[in-house]
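Worksheet: the structure to be examined is printed underneath.
Protein chains: 2
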Amino acid sequence: MGRPSLDHFQTFAHVIDLGSFSTAAQRLEISQPGVSLQVRQLERRHGIRLIERVGRRVTAIAAGEELPDYARRIDGVVMDALDAMTRHSKGTVGRVRLGTGATACIYFLPPILRSLRSGFPGLDIVVTAGNTSAILKSILSLGKLCQSRNTVSSFERAQGPRPFIPGASQCEVGHDPFS
Amino acid sequence: MGRPSLDHFQTFAHVIDLGSFSTAAQRLEISQPGVSLQVRQLERRHGIRLIERVGRRVTAIAAGEELPDYARRIDGVVMDALDAMTRHSKGTVGRVRLGTGATACIYFLPPILRSLRSGFPGLDIVVTAGNTSAILKSILSLGKLCQSRNTVSSFERAQGPRPFIPGASQCEVGHDPFS
DNA sequence: TAAAAATACTCCATAGGTATTTTAT
DNA sequence: ATAAAATACCTATGGAGTATTTTTA
């Protein structure tokens, strides 16, 4: 008996807009009984009839007339939230945390950081001290991505968001010799 | 791999506000691993890190800083939608559809309609023609509810929203001798 | 050492699908 | 007779819990 989900509102709005359960089902790419279910859940969970089934035609009644509007508003805000997140993941804004400490990295980092900063001015780059092992490999692959004009987000996705740099997630904050 | 639900946003906002997974879990009355899971899902599904786990302290980073605000906005709109629905179910606005046709009902309906209209001026009452059987009983119980100062919604809930009046849902529209 | 978060796993609710029946045009 | 929604039934995904391990302060 969960609360209505985002899908409930969206589905309901489609049913009203299209005037039909089955066409809404096609549009949403789910089955017709699925649409039936979601609408029924909205009604049952609130003890209100929202839709008038008159023959093959469905029409909103009472509270149902206002719901599609709310559905659109909800959808809008959710889209905004997701957009804000993907905007960050696209690398236009955000923070990159690099682990280093091995002096060898000094020879690799500077060009990488330069290309990062020119490509993504909004990036907040933080360099931290850590142990060497897996970090080096990550740094190198990051550099390759930069050279091939890929975005940071594709690197993140390739590795999964956590740990951002394997083995570096608990590094202590160190110095940034390249600022 | 469903979309994030309303709970994901709400949970995340709580975690940021309280600065802790476990206290957020207590507040939301779910388990700590449950909170962990939802946050991780938000991150994994978008390929972004939203939270900085620095020891026992959690802080929002990057996109995570904006999310609680969106969470509140989403919650607000959803609450508005639910409010709109319950406002209808409370009987202050809405439509009541009565099935009749049996002449016997003429003797019961008038006082009921009068009390309905005085108690809930916003109601849109529609009387339709139908067959007699179960309708009579429903009408009578509706009348009792009015007399005992209950709301229409409690009647709806008692029967379930559909059919509003058992057996009358496919009645043809008839006359309203009491307007 | 104590706390907090992450994992591992298990289970159950339920969302969603297929097949079928009912209903209305 | 046809098309659409409701119903019945089933399956599987995944959400949430308990128990445990890991980590850090």
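Line order of the protein sequences matches chains U and F.
To convert a position in the first sequence, counted from 1, into the working numbering, add 638.
To convert a position in the second sequence, counted from 1, into the working numbering, add 638.
All C-beta atoms, glycine included, are put in the ideal place defined by N, C-alpha and C.
Range of the contiguous alpha helix (DSSP H) that encloses residue i
{"i": "Ile654 (chain F)", "result": "Leu644 to Leu656"}
{"i": "Ala663 (chain U)", "result": "Phe659 to Leu666"}
{"i": "Glu681 (chain F)", "result": "Gln670 to His684"}
Residue i - DSSP class collapsed to helix/strand/coil
{"i": "Ile712 (chain F)", "result": "helix"}
{"i": "Glu703 (chain F)", "result": "helix"}
{"i": "Pro748 (chain F)", "result": "Summary for Pro748 (chain F): the model assigns pLDDT 49, below 50, so the residue's position carries little reliability; its value from the coordinates is reported in the next sentence. Pro748 (chain F): helix per DSSP, three-state reduction."}
{"i": "Thr724 (chain U)", "result": "helix"}
{"i": "Ala740 (chain F)", "result": "Since pLDDT at Ala740 (chain F) reaches only 39, below the 50 mark, its modelled position is unreliable, and the value read off the structure follows with that caveat. Reduced to three states, the DSSP call for Ala740 (chain F) is coil."}
Top-ranked residue by Cα proximity to residue i, from the options
{"i": "Gly640 (chain U)", "options": "U:Leu680, U:Glu690, U:Gly685 and U:Val715", "result": "U:Leu680"}
{"i": "Leu675 (chain U)", "options": "U:Phe659, U:Ile686 and U:Glu690", "result": "U:Phe659"}
{"i": "Ile699 (chain U)", "options": "U:Ala662, U:Arg711, U:Val653 and U:His646", "result": "U:Val653"}
{"i": "Asp645 (chain F)", "options": "F:Arg687, F:Arg695, F:His684 and F:Ala709", "result": "F:Ala709"}
{"i": "Phe650 (chain F)", "options": "F:Ala719, F:Glu667, F:Ala722 and F:Gly702", "result": "F:Gly702"}
{"i": "Arg725 (chain F)", "options": "U:Arg687, U:Asp721 and U:Met723", "result": "U:Arg687"}
{"i": "Leu822 (chain F)", "options": "U:Ile712, U:Leu705, U:Thr661 and U:Leu720", "result": "Any question about residue 822 (chain F) goes unanswered here, given that chain F covers just 639 to 817."}
{"i": "Val677 (chain F)", "options": "F:Val716, F:Thr661, F:Glu667 and F:Pro642", "result": "F:Pro642"}
{"i": "Met723 (chain F)", "options": "U:Val673, U:Arg683, U:Arg695 and U:Arg711", "result": "U:Arg683"}
{"i": "Asp718 (chain U)", "options": "F:Val716, F:Ile712 and F:Met717", "result": "F:Ile712"}
N-terminal and C-terminal residue of the beta strand (DSSP E) that residue i is part of
{"i": "Glu641 (chain F)", "result": "The identity of residue 641 (chain F) in the sequence shown is Arg, whereas the question assumes Glu. Where Arg641 (chain F) is concerned, there is no enclosing beta strand (DSSP E), given that its DSSP letter is neither H nor E."}
{"i": "Arg695 (chain F)", "result": "Arg695 to Ala698"}
{"i": "Arg691 (chain U)", "result": "Ile689 to Val692"}
Residue burial classification, residue i (beta-carbon count within 10 angstroms, cutoff 16)
{"i": "Pro671 (chain U)", "result": "exposed"}
{"i": "Thr697 (chain F)", "result": "exposed"}
{"i": "Val692 (chain U)", "result": "exposed"}
{"i": "Gly729 (chain U)", "result": "With a pLDDT of 47 at Gly729 (chain U), under the threshold of 50, the predicted position of this residue should be treated as unreliable, though the coordinate-derived value follows. Looking at its Cβ environment, which holds 16 or more other Cβ atoms inside 10 Å, Gly729 (chain U) is buried."}
{"i": "Gly833 (chain F)", "result": "Because chain F spans 639 through 817 in this model, residue 833 (chain F) falls outside it and cannot be assessed."}
{"i": "Gly657 (chain F)", "result": "exposed"}
{"i": "Cys784 (chain F)", "result": "Because Cys784 (chain F) carries a pLDDT of 37, less than 50, the predicted location of this residue cannot be relied on, and the following value inherits that uncertainty. Flag for Cys784 (chain F) reads buried."}
{"i": "Asp707 (chain U)", "result": "exposed"}
beta-carbon residue i near the ligand NAP non-hydrogen atom, thresh 6 angstroms
{"i": "Met723 (chain U)", "result": "Among the components modelled here there is no ligand, and therefore nothing to report on the ligand NAP."}
Tell me which residues of the segment 674–687 of chain U have at least one Cβ-Cβ distance to chain F shorter than 7 angstroms, keeping chain order. Cβ contacts with chain F: Glu681, Arg682, His684, Gly685, Ile686 and Arg687.
Given a limit of 9 angstroms on CB to CB distance, which residues of the segment 639–669 of chain F reach chain U? So the list reads Gly640, Arg641, Pro642, Ser643, Leu644, Asp645 and Phe647, given in the order they occur along the chain.
Proximal residues, the segment 715–727 of chain F versus chain U, C-beta separation under 7 angstroms: Cβ contacts with chain U come from Val715, Val716, Asp718, Ala719, Ala722, Met723, Thr724, His726 and Ser727.
Counting only Cβ-Cβ distances shorter than 7 angstroms, please list the residues of the segment 689–713 of chain F near chain U, keeping chain order. Going along the segment 689–713 of chain F in chain order, one finds Ile699, Ala700, Ala701, Glu704, Leu705, Tyr708, Arg711 and Ile712 with a Cβ nearer than 7 angstroms to chain U.
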